[in-house]
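Protein chains in written order, with the working numbering: chain A, 35 to 310; chain B, 216 to 416.
Below, the structure is given as structure tokens:
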């Protein structure tokens, strides 16, 4: 299949060049089996595969060379600083951006952002974006014929608190079709953008929902071939987060890697404070 | 409502990255995101380039982020990147590529972060098709904030061949600096990974 210059989620028109889900699933399964049969003692792959042929958009975009190892220096050992000046607390509620209530299952999504040592990542920016409950984005290129919701833009921001906790109120996104292969459907997901305590921890990822039958069929989610690592992208339903007659709740923690400059207490003051 | 208190447990593993996808435009860009300083400022400099794929085609749906020290070489730790006030330099910027695959930042030249160090800005690239973010550096060229001595002494640049070095050092492009970002193939940018540092110090 040739690379499309724009991502289009309009209903796929079958073409001879488009592989079927069965063909793509066979590619995914072959990689999974090869991984499962790796020699004993081989470390688990915690990271997403760099190249993943089942994800057709990656073919011309993923670098061919391995990344070059380097010691972080200067600005790389720090992260940009965001404060109350940057983010209004109301931006964490994706259900109040229109004039009325968005359609769909209202959910609370919360969790902690931690570094590789389990330390909270405090005062840092978390950004999210997602499709609406029908599986459509507010985006000109998304012409998937599902209804747009006038009361849902699907974008939000917040800062992590002193405990590293973020929290959003939103609606559960729907799955949607895309043109990776014939009858390809993305599992429901929320996109997350996260900053850590140093720039080497910068992460963009996706949160998936438990029990989604599409996840194992998805060329993007399965680019994380290790089952335990893949499970780290799946939220947990947490009934304690539900709000009576209002919302169900999901919990999802994010762990950032990177060079791990040891943060000092005054970093937190800098991160949370405005100009003194 | 009070959330359940977090339960301390075994340290979980790192969360894998995923592609930014094609629909980030309503969430991640914001007015003034690529203008770290106003374009009319006397010491403003433009850093721009084109993001290209393995076929040499421009990538119109990439997102480039820039993070840098100030002209004094010091790390800036000031909020305000998302609400530009026209005078606070925060060191962080973000730019979605346009239909021609171009990105462009208006910023200040970073100073050396240590004596004799070669000044650079840190860049990260996200795009549909990239399964996780790519990190690189854009060094200031000789005569535009860089010096031949500092560039020659730089540990990263010294470890690369000429072709690799050329992908990391900006070209002088009139009044601007130019740094194309090649995701794959001929002229592929040297993308970086940061092995974990010993910590506790």
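We put the CB at the ideal spot given by N, CA and C, even for glycine.
Determine the chain B residues that contact residue i at a beta-carbon separation under 7 angstroms, and present them in chain order.
i, result
"residue 91 of chain A", "343 and 344"
"residue 254 of chain A", "233 and 234"
"residue 227 of chain A", "243"
"residue 217 of chain A", "The contacting residues do not exist; residue 217 of chain A stays about 19 angstroms from chain B at best."
When you compare only the Cα positions, how much space is there between residue i and residue j?
i, j, result
"residue 294 of chain B", "residue 185 of chain A", "30 angstroms"
"residue 281 of chain B", "residue 311 of chain B", "11 angstroms"
"residue 373 of chain B", "residue 364 of chain B", "12 angstroms"
"residue 279 of chain B", "residue 140 of chain A", "32 angstroms"
"residue 239 of chain B", "residue 148 of chain A", "24 angstroms"
"residue 404 of chain B", "residue 396 of chain B", "6 angstroms"
"residue 224 of chain B", "residue 151 of chain A", "Residue placement at residue 224 of chain B cannot be trusted, given a pLDDT of 45 that sits under 50; what the coordinates show is reported in the next sentence. Looking at the two C-alpha atoms, the distance is approximately 12 angstroms."
"residue 218 of chain A", "residue 252 of chain A", "8 angstroms"
"residue 269 of chain B", "residue 275 of chain B", "14 angstroms"
"residue 339 of chain B", "residue 246 of chain A", "31 angstroms"
"residue 415 of chain B", "residue 287 of chain B", "Reliability of the predicted coordinates at residue 415 of chain B is poor, the pLDDT of 34 falling under 50, and the value obtained from them is presented with this limitation in mind. Taking the straight line joining both Cα atoms gives about 28 angstroms."
"residue 368 of chain B", "residue 319 of chain B", "28 angstroms"
"residue 276 of chain A", "residue 224 of chain A", "18 angstroms"
"residue 399 of chain B", "residue 228 of chain B", "29 angstroms"
"residue 61 of chain A", "residue 357 of chain B", "48 angstroms"
"residue 248 of chain B", "residue 301 of chain B", "12 angstroms"
"residue 305 of chain A", "residue 292 of chain B", "In this predicted model, residue 305 of chain A has a pLDDT of only 48, less than 50, meaning its place in the structure is not dependable; the value taken from the coordinates is given anyway. The alpha-carbon atoms of residue 305 of chain A and residue 292 of chain B are separated by roughly 7 angstroms."
"residue 100 of chain A", "residue 82 of chain A", "14 angstroms"
"residue 291 of chain A", "residue 231 of chain A", "10 angstroms"
"residue 39 of chain A", "residue 378 of chain B", "Reliability fails at residue 39 of chain A, whose pLDDT of 38 lies under 50, so the model's placement of it is uncertain and the value that follows must be treated cautiously. Distance between the alpha carbons of residue 39 of chain A and residue 378 of chain B: 28 angstroms."
"residue 408 of chain B", "residue 105 of chain A", "9 angstroms"
"residue 218 of chain B", "residue 127 of chain A", "Any reading at residue 218 of chain B must be qualified, since the residue scores a pLDDT of 47, below 50, and its modelled position is unreliable; no value is offered."
"residue 68 of chain A", "residue 94 of chain A", "24 angstroms"
"residue 156 of chain A", "residue 326 of chain B", "28 angstroms"
"residue 129 of chain A", "residue 348 of chain B", "29 angstroms"
Report the neighbours of residue i on chain B: residues whose CB is nearer than 8 angstroms to its CB, in chain order.
i, result
"residue 171 of chain A", "238 and 241"
"residue 166 of chain A", "Simply none; closest approach about 11 angstroms."
"residue 102 of chain A", "371, 374, 375, 379, 405, 406, 407 and 408"
Starting from the beta carbon of residue i, find every residue of chain A whose beta carbon is closer than 9 angstroms, and list them in chain order.
i, result
"residue 290 of chain B", "108, 109, 111 and 112"
"residue 227 of chain B", "148, 152, 266, 287 and 289"
Are the CB atoms of residue i and residue j nearer to each other than 9 angstroms?
i, j, result
"residue 230 of chain B", "residue 346 of chain B", "no"
"residue 384 of chain B", "residue 328 of chain B", "no"
"residue 182 of chain A", "residue 121 of chain A", "no"
"residue 245 of chain B", "residue 309 of chain B", "yes"
"residue 361 of chain B", "residue 401 of chain B", "no"
"residue 108 of chain A", "residue 277 of chain B", "no"
"residue 260 of chain B", "residue 390 of chain B", "yes"
"residue 163 of chain A", "residue 290 of chain B", "no"
"residue 278 of chain A", "residue 248 of chain A", "no"
"residue 322 of chain B", "residue 115 of chain A", "no"
"residue 199 of chain A", "residue 119 of chain A", "no"
"residue 337 of chain B", "residue 359 of chain B", "no"
"residue 226 of chain A", "residue 161 of chain A", "yes"
"residue 194 of chain A", "residue 143 of chain A", "no"
Can you tell me where the alpha helix (DSSP H) with residue i in it begins and where it stops?
i, result
"residue 58 of chain A", "55-70"
"residue 379 of chain B", "377-383"
"residue 261 of chain A", "261-265"
Along the chain, where does the beta strand (DSSP E) that runs through residue i open and close?
i, result
"residue 373 of chain B", "No beta strand (DSSP E) contains residue 373 of chain B, which is instead part of the alpha helix (DSSP H) from 370-373."
"residue 146 of chain A", "140-149"
"residue 386 of chain B", "386-388"
"residue 280 of chain A", "Unbroken run through residue 280 of chain A: none, as it is neither H nor E."
"residue 264 of chain B", "260-267"
"residue 210 of chain A", "210-212"
"residue 241 of chain A", "237-242"
"residue 409 of chain B", "Residue 409 of chain B -> no beta strand (DSSP E), and no H or E assigned at all."
"residue 185 of chain A", "First-last for residue 185 of chain A: undefined, no H or E at that position."
Along chain B, in chain order, which residues have C-beta atoms closer than 9 angstroms to that of residue i?
i, result
"residue 263 of chain A", "228, 229, 230 and 231"
Closer than 7 angstroms by beta-carbon distance: list the chain A residues that pair up with residue i, in chain order.
i, result
"residue 294 of chain B", "115, 116, 117, 119, 120 and 308"
"residue 307 of chain B", "114"
### Message
I'd like to know if the segment 79-86 of chain A and the segment 263-279 of chain B are in contact, where contact means that at least 3 CB-CB pairs between them fall below 8 angstroms.
### Response
no
### Task
Identify each residue in the segment 231-245 of chain A for which the Cβ-Cβ distance to at least one residue of chain D is less than 7 angstroms, and report them in chain order.
Looking at the structure shown, chain D is missing, and the protein chains on hand are A and B.
### Message
Measuring CB atoms only, is the segment 251-261 of chain B touching the segment 256-265 of chain A, in the sense that at least three cross pairs come out at less than 8 angstroms?
### Response
no
### Three-pair Cβ contact test at 8 angstroms for the segment 210-218 of chain A versus the segment 185-194 of chain A
no
### Contact between the segment 172-183 of chain A and the segment 236-249 of chain A (3+ Cβ pairs under 8 angstroms)
no
### Message
Measuring CB atoms only, is the segment 315-333 of chain B touching the segment 50-60 of chain A, in the sense that at least three cross pairs come out at less than 8 angstroms?
### Response
no
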